[in-house]
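Numbering (the numbering used here), first residue to last: 203 to 334. In this text, a Cβ means the ideal position worked out from N, Cα and C, and glycines have one as well.
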Amino acid sequence: MKAVAIIAGVLATVPAWAHHSFAAEFDRNKVVDLDGTIVKMEWVNPHAWIHVAVKNADGTSTTWMVEANTPNGLLRRGFTKKSLEEGTSVVIRGYQAKSGDNKINGSSMTFKDGKKLFLGSSSGDEDPAEKK
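The structure is reproduced here in structure tokens:
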């Protein structure tokens, strides 16, 4: 019985190992603005991922991964799986991955019509709409 309790305790910590710290993975001092087109949306836990194709000066395209809030957190802000369809033009602001990869922790997303959505990044940024 003691062995079962120990195994259960070890297995219960696995989700904690899988999650990360903003400061460990992203650089708050390296703000990135991506102006591009959504090519893929991953509605997964613990964070949703938005893939954005950004055109380079030479005409080629680079795909960036944008970490967003949890799907539940995005739902509370008005997002749905259909909100971010392929081909949608957006500008996303976020923080560069320390690894230098084409990956950011998203802070905000602005659509071409001017509508702005808070991505609820794990950086601790506040939603401007909720500031007093």
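In or out: E244 buried (at least 16 other Cβ within 10 Å) or exposed? Your numbering for residue 244 matches position 42 in the sequence shown. Classification of E244: exposed, given that the 10 Å Cβ count is below 16.
Is F320 helix, strand or coil by DSSP? The residue you call residue 320 lines up with position 118 of the sequence shown. F320 falls in the strand class under three-state DSSP.
Contact defined as beta carbons within less than 8 angstroms: I believe R279 pairs with G322. What is the distance between those atoms, to the nearest angstrom? Here residue 279 is taken as the residue at index 77 of the sequence shown, counted from 1. Here residue 322 is taken as the residue at index 120 of the sequence shown, counted from 1. R279 to G322, Cβ: 7 angstroms. Contact.
Count the other CB atoms within 10 Å of the CB of A250; is the residue buried (16 or more) or exposed (fewer)? Here the question's residue 250 lines up with position 48 in the sequence shown. It counts as buried.
Cβ of K305 within 9 angstroms of Cβ of M311? Along the sequence shown, one-based indexing puts residue 305 at 103. Along the sequence shown, one-based indexing puts residue 311 at 109. With contacts defined as CB atoms closer than 9 angstroms, K305 and M311 fail to qualify as a contacting pair.
With distances taken from CA atoms, which of K284, F281, S309 and A299 is nearest V293? Here residue 293 refers to the residue found at position 91 when the sequence shown is read from its first residue. The shortest C-alpha separation from V293 is found at S309.
Go ahead and pull the three-state DSSP assignment for D315. Against the sequence shown, residue 315 aligns to sequence position 113. Correct three-state label for D315: coil.
Return the residue from the list G238, G316 and F313 that minimises the CA-CA distance to T262. Here the question's residue 262 lines up with position 60 in the sequence shown. Nearest option by C-alpha distance: G238.
Can you tell me which residues form a DSSP beta bridge with R295? In the sequence shown, residue 295 corresponds to position 93, counting from 1. Answer is D235 and S310, bridged to R295.
Near N247, which residues of its chain fall below 8 angstroms by C-beta distance, leaving aside the five closest residues on each side in sequence? By one-based count along the sequence shown, residue 247 stands at place 45. Closer than 8 angstroms at the Cβ level, and outside the excluded window around N247, lie T272 and P273.
To the nearest whole angstrom, what separates the beta carbons of E269 and N307, a pair I think is in contact under 8 angstroms? If you number the sequence shown from 1, residue 269 lands on position 67. If you number the sequence shown from 1, residue 307 lands on position 105. Going by Cβ atoms, the distance from E269 to N307 rounds to 5 angstroms, so yes, they are a contact pair.
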